[in-house]
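Structure first, then comments.
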Amino acid sequence: MKHLIRTDDFTTKEIESILEDAELFSDGRFEGILRDKIIITLFFENSTRTRSSFEIAAKRLGAEIVHLDVANSSTKKGETLVDTAMNLDAMGPHAIIVRHQNSGVPKILSNHTKASIINAGDGAHAHPTQALLDLFTLKKHFGDVKGIKIAIVGDIKNSRVANSNIELLTRFGMEVVLVAPPQFLPKTNLRTTHRINEIIDEVDAIMSLRTQTERHSSQTYASLKDYASDFCITSEVVGDRDIILLHPGPVHRNIDICDVLLADKRCKVLEQVSNGVAIRMAVLKKLINDI
2 MKHLIRTDDF
12 TTKEIESILE
22 DAELFSDGRF
32 EGILRDKIII
42 TLFFENSTRT
52 RSSFEIAAKR
62 LGAEIVHLDV
72 ANSSTKKGET
82 LVDTAMNLDA
92 MGPHAIIVRH
102 QNSGVPKILS
112 NHTKASIINA
122 GDGAHAHPTQ
132 ALLDLFTLKK
142 HFGDVKGIKI
152 AIVGDIKNSR
162 VANSNIELLT
172 RFGMEVVLVA
182 PPQFLPKTNL
192 RTTHRINEII
202 DEVDAIMSLR
212 TQTERHSSQT
222 YASLKDYASD
232 FCITSEVVGD
242 RDIILLHPGP
252 VHRNIDICDV
262 LLADKRCKVL
272 EQVSNGVAIR
282 MAVLKKLIND
292 I
């Protein structure tokens, strides 16, 4: 059984096929190909976009969705995550979509299930469907993304979105520059800078990230306002440049991106959300229907 834990679980050819399916689905060309299939969502972290996106994707393809209420599940009685997954798997679902605050949990569960495990975000490790929808959004705008330069700005060290995007976007030939304060930069061979203005005239796209305050073991910035003074993507920074803006959400307004740019036609945030449904439809098709 195929699982999706990281973006590199799919070959480039498989990803290109997923993007092609997503293009068809985004145009409304789909049928109930997952009718009689059962998908369980198992979210140990809060989610608005990802959970809703997966549920809408599954229902559009005709699947049945079962959401486990973690707050009232047997994990609160001491049952291990592995036992929870094995018990759910014994009920015969075709896929289990997992989000967890700890890195590595979806991978561990995938060793104990017949159902496909789909990682909907694990700690600061990976968020593969977010990276896939970001690539899809970029390709819809630019066409061929090879040679396109993108700046990823913000709390990169603690970002599963950044990890997945770095792997996927560089694999498709994009040049990635990391922009962050020193304490938010991971060890990397990629080009880095602490100043947005150093790269603003070079890039074709900017991906802003939310500051992952829940993952900080100590205070890393005097305040979010101080952080925003250096790293908020503002209309003054971008000006009239032909640059598109992405953000995985939720957006901290006027900390990650200013209100004016969020309303600008160059901002692709809501397009990313729309594309996320199509991408997750394509992923579900690949893992459940095409195997």
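Basically my numbering = 1-based index in the sequence shown + 1. Note that CB positions come from ideal geometry on N, CA and C, so glycine has one too.
Candidates the options, of which the one nearest residue i by Cα
| i | options | result |
| --- | --- | --- |
| residue 197 | 227, 234, 117 and 290 | 234 |
| residue 148 | 291, 29, 115 and 171 | 171 |
| residue 101 | 229, 260 and 51 | 51 |
| residue 126 | 112, 158 and 135 | 158 |
| residue 241 | 255, 268 and 229 | 268 |
| residue 129 | 150, 47 and 55 | 55 |
| residue 259 | 230, 284 and 28 | 230 |
| residue 156 | 64, 88, 11 and 253 | 253 |
| residue 139 | 108, 173 and 113 | 173 |
| residue 38 | 59, 150 and 133 | 59 |
| residue 87 | 114, 109 and 108 | 114 |
| residue 124 | 85, 144 and 164 | 164 |
| residue 244 | 199, 232, 150 and 275 | 150 |
| residue 43 | 27, 29 and 76 | 76 |
Proximity of residue i and residue j at Cβ, strictly below 8 angstroms
| i | j | result |
| --- | --- | --- |
| residue 152 | residue 67 | no |
| residue 116 | residue 96 | yes |
| residue 282 | residue 62 | yes |
| residue 69 | residue 106 | no |
| residue 162 | residue 225 | no |
| residue 246 | residue 119 | no |
| residue 316 | residue 236 | Since the displayed the chain opens at 2 and closes at 292, residue 316 lies outside it and no answer follows. |
| residue 178 | residue 191 | yes |
| residue 14 | residue 288 | no |
| residue 154 | residue 201 | no |
Residue i to residue j span [Cα, whole Å]
| i | j | result |
| --- | --- | --- |
| residue 257 | residue 249 | 11 angstroms |
| residue 279 | residue 291 | 16 angstroms |
| residue 135 | residue 20 | 11 angstroms |
| residue 212 | residue 181 | 11 angstroms |
| residue 185 | residue 194 | 11 angstroms |
| residue 34 | residue 41 | 17 angstroms |
| residue 93 | residue 111 | 15 angstroms |
| residue 286 | residue 104 | 26 angstroms |
| residue 90 | residue 263 | 42 angstroms |
| residue 216 | residue 22 | Here the model assigns residue 216 a pLDDT of 49, short of 50, so the residue's position is not dependable and the matter cannot be decided. |
| residue 45 | residue 72 | 8 angstroms |
| residue 98 | residue 142 | 29 angstroms |
| residue 17 | residue 79 | 42 angstroms |
| residue 11 | residue 284 | 10 angstroms |
| residue 74 | residue 57 | 23 angstroms |
| residue 219 | residue 145 | Residue placement at residue 219 is poorly supported in this model, since its pLDDT is 48, which falls under 50; the coordinates still yield a value, given next. Rounded to the nearest angstrom, the two C-alpha atoms are 41 angstroms apart. |
| residue 265 | residue 206 | 14 angstroms |
| residue 64 | residue 189 | 41 angstroms |
| residue 31 | residue 228 | 44 angstroms |
| residue 9 | residue 232 | 30 angstroms |
| residue 28 | residue 187 | 38 angstroms |
| residue 183 | residue 36 | 49 angstroms |
| residue 133 | residue 255 | 26 angstroms |
| residue 137 | residue 275 | 11 angstroms |
Exposure label - residue i; buried when at least 16 CB within 10 Å
| i | result |
| --- | --- |
| residue 277 | buried |
| residue 251 | exposed |
| residue 273 | buried |
| residue 131 | buried |
| residue 175 | buried |
| residue 166 | buried |
| residue 25 | exposed |
| residue 49 | exposed |
| residue 53 | exposed |
| residue 7 | buried |
| residue 85 | buried |
| residue 47 | exposed |
The ligand ZN heavy atom lying under 7 angstroms from the CB of residue i
| i | result |
| --- | --- |
| residue 20 | For the structure depicted, the ligand ZN is absent and the ligand set is empty, with no information on it obtainable. |
Residue interval of the alpha helix (DSSP H) (run including residue i)
| i | result |
| --- | --- |
| residue 246 | No alpha helix (DSSP H) holds residue 246; the beta strand (DSSP E) holding it covers 245 to 247. |
Span of the beta strand (DSSP E) around residue i
| i | result |
| --- | --- |
| residue 209 | 206 to 209 |
| residue 176 | 176 to 180 |
| residue 96 | 96 to 101 |
| residue 80 | No beta strand (DSSP E) holds residue 80; DSSP gives it neither H nor E. |
| residue 117 | 117 to 123 |
| residue 46 | Where residue 46 is concerned, there is no enclosing beta strand (DSSP E), given that its DSSP letter is neither H nor E. |
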